[in-house]
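Counting with this note's numbering, you get residues 9 to 362 for the letters of the sequence shown. Report on the following structure.
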Amino acid sequence: MTATLITLGAGLALLIAGGELLVRGASALARRLRIPPLVIGLTVVAFGTSAPELAVSVRSALRQQADLALGNVVGSNVFNVLLILGLSALLKPLVVERSMVRREVPIMIGVSLVPLGLGLDGRLGRPEGWLLVAGLVGYTLLQIRSVRRDPPRPSEESPPDPDGTRPLWSLLLVGSGLGLLVLGAEWAIDAAVALARALEVSELLIGLTLVAAGTSLPEVATSIIAALRDERDLAVGNVVGSNIFNILAVLGITTVMAPGGIAVSPSALRFDIPVMLAVAVACLPIFFTGYRIDRWEGGVFLGYYAAYVAVLFLAASGSPGLRTVTLALGGFLVPLTVLTLAVLTWRSWRGSAT
């Protein structure tokens, strides 16, 4: 068990280091193109910090470990919103760009619906995978078009590259990052599968929790640092962009590369994917109320993530406490949160109308 945990930790460390190098190289190249920070957050940084998820999911699918591949994507999306945004908002209330509420969040909600709809037959095949990849291409073209239509003002432009970030050096960082990602994915998957067998739990549970949290650590560092540096649009954009990328690119590419596609378990269809969709939908009213995420809303996100993980482990262990937690969530906490957000949204709408 100790050796397995060490291997898992080493694999996740390589994934984080690889993602960091990839982000630095890709961001330097993007700054040379004078792309504004919000767009960098929604595309380059978000895509780069999601590279560990891509490496793990593709490798898992090639090994016929569909539950681990799917659980990594779904768990990472839930982790990104509830824990990363929640923790970032607790440190500093996050300001949300109006354009993100109008466009990116609805896109995130829309793409979160796709796995549920396409997976109802119990499998995501290559045609569905190509559909997701096509959605990624369309989303990227949409970002490029928005930059061309509304060029950044001088104050919004990214700072020029320092002397050390020449194109060849940036490409070297990208290549090194990709190499570390491949090796880290190999180690992390081997350890995760061994851990699931040792604990006698499903690979889906390990993918939804330990692997998802580990591969999302680059997003944790990026969003928290951005929030502390008052680059709050980058903090939010990183999470929203990562969630879009996880579904369109990670799940899409994984499905295309996996022999026979990816099987979608009944438990994922009943609980995990609907939770991912509900989390995406919850962003809309929270972001809309004053176009910010306040500290109390961050606390709500963190509380829901703790409850989500508790439900997963209680269900896996067959604990009688599962019924108590489920009743507390469904009978009190969720309705109270919905009512509070409805009131705040109505007040925000009334204030903007007057």
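Glycine is no exception: its CB is placed at the ideal position from the N, C-alpha and C atoms.
- Task: Under 6 angstroms Cβ to Cβ from residue 255, same chain only, skipping five residues before and after it: list those, please.
- Result: 119
- According to DSSP, is residue 209 helix, strand or coil? Coil, per DSSP.
- Is the number of C-beta pairs between the segment 252 to 267 and the segment 57 to 68 that are closer than 8 angstroms three or more? Taking 8 angstroms as the limit for Cβ pairs, the verdict is that the segment 57 to 68 does touch the segment 252 to 267.
- Item | Sub-7 angstroms separation of residue 65 and residue 77 beta-carbons | yes
- Query: Since residue 330 contacts residue 317 with CB under 8 angstroms, what's their CB separation in whole angstroms?
  - Reply: With 8 angstroms as the limit, residue 330 and residue 317 do not qualify as a contact, their Cβ atoms being about 13 angstroms apart.
- Query: Once you ignore the five residues that flank residue 266 on each side, which residues in its own chain have a CB closer than 6 angstroms to its CB?
  - Reply: The residues are 69.
- Task: Quickly, what does DSSP pair residue 270 with across the bridge? List them, please.
- Result: 132
- Item | residue 232: first and last residue of the uninterrupted alpha helix (DSSP H) it sits in | For residue 232, the uninterrupted alpha helix (DSSP H) segment begins and ends at 225 to 236.
- Where does residue 223 land, buried or exposed, given buried means 16+ other C-beta within 10 angstroms? buried
- Task: Reducing DSSP to helix, strand and coil, say where residue 103 ends up.
- Result: strand
- Using three-state DSSP, classify residue 278 as helix, strand or coil. helix
- Item | Reduced DSSP secondary structure (H/G/I, E/B, other) of residue 174 | In the structure shown, residue 174 sits in coil (DSSP, three-state: anything other than H, G, I, E or B).
- Any idea what DSSP makes of residue 243, helix, strand or coil? helix
- Give me the Cα-Cα distance between residue 133 and residue 100, rounded to the nearest whole angstrom. 42 angstroms
- Item | residue 135, buried or exposed, once every other Cβ within 10 Å from all chains shown has been counted against 16 | With fewer than 16 other Cβ atoms from the protein chains shown falling within 10 Å of its own Cβ, residue 135 counts as exposed.
- Message: Tell me which residues share the same chain as residue 89 and place their Cβ nearer than 8 angstroms to its Cβ, disregarding the 5 neighbours each side in the sequence.
- Response: 247, 251, 287, 288, 290, 291 and 309
- Query: What did DSSP end up calling residue 111 once you bin it into helix, strand or coil?
  - Reply: helix
- Query: Looking only at C-alpha atoms, which of 304, 130 and 125 sits nearest to residue 139?
  - Reply: 125
- Task: Label residue 62 either buried or exposed according to how many other C-beta atoms from any shown protein chain fall within 10 Å of its C-beta, with 16 as the threshold for buried.
- Result: Residue 62 comes out buried.
- Query: In this structure, does DSSP put residue 300 in helix, strand or coil?
  - Reply: strand
- Item | Coarse secondary structure for residue 250, derived from DSSP in three states | helix
- Message: Quick check: what's the CA-CA separation for residue 87 versus residue 281?
- Response: 13 angstroms
- Query: Who are the Cβ neighbours of residue 2 in its own chain at under 8 angstroms, not counting the five residues just before and after it?
  - Reply: Limits of the chain in this structure are 9 at one end and 362 at the other, which puts residue 2 out of reach.
- Query: Between residue 293 and chain B, is there a C-beta pair that is closer than 7 angstroms?
  - Reply: No chain B appears in the structure shown, which is made up of a single protein chain.
- Euclidean distance between Cα positions of residue 82 and residue 176: 35 angstroms
- Using CA coordinates, which residue listed in 208, 229, 228 and 269 is at the minimum distance from residue 321? 208
- Query: Between residue 128 and residue 151, what straight-line distance do the alpha-carbon atoms span, to the nearest angstrom?
  - Reply: 31 angstroms
- Item | Residue range of the unbroken alpha helix (DSSP H) whose run includes residue 67 | 59 to 70
- Query: Which residue from 243, 21 and 32 puts its Cα closest to that of residue 192?
  - Reply: 21
- Message: Quick check on residue 84: does DSSP put it in helix, strand or coil?
- Response: If DSSP states are grouped into helix, strand and coil, residue 84 belongs with the helices.
- According to DSSP, is residue 18 helix, strand or coil? helix
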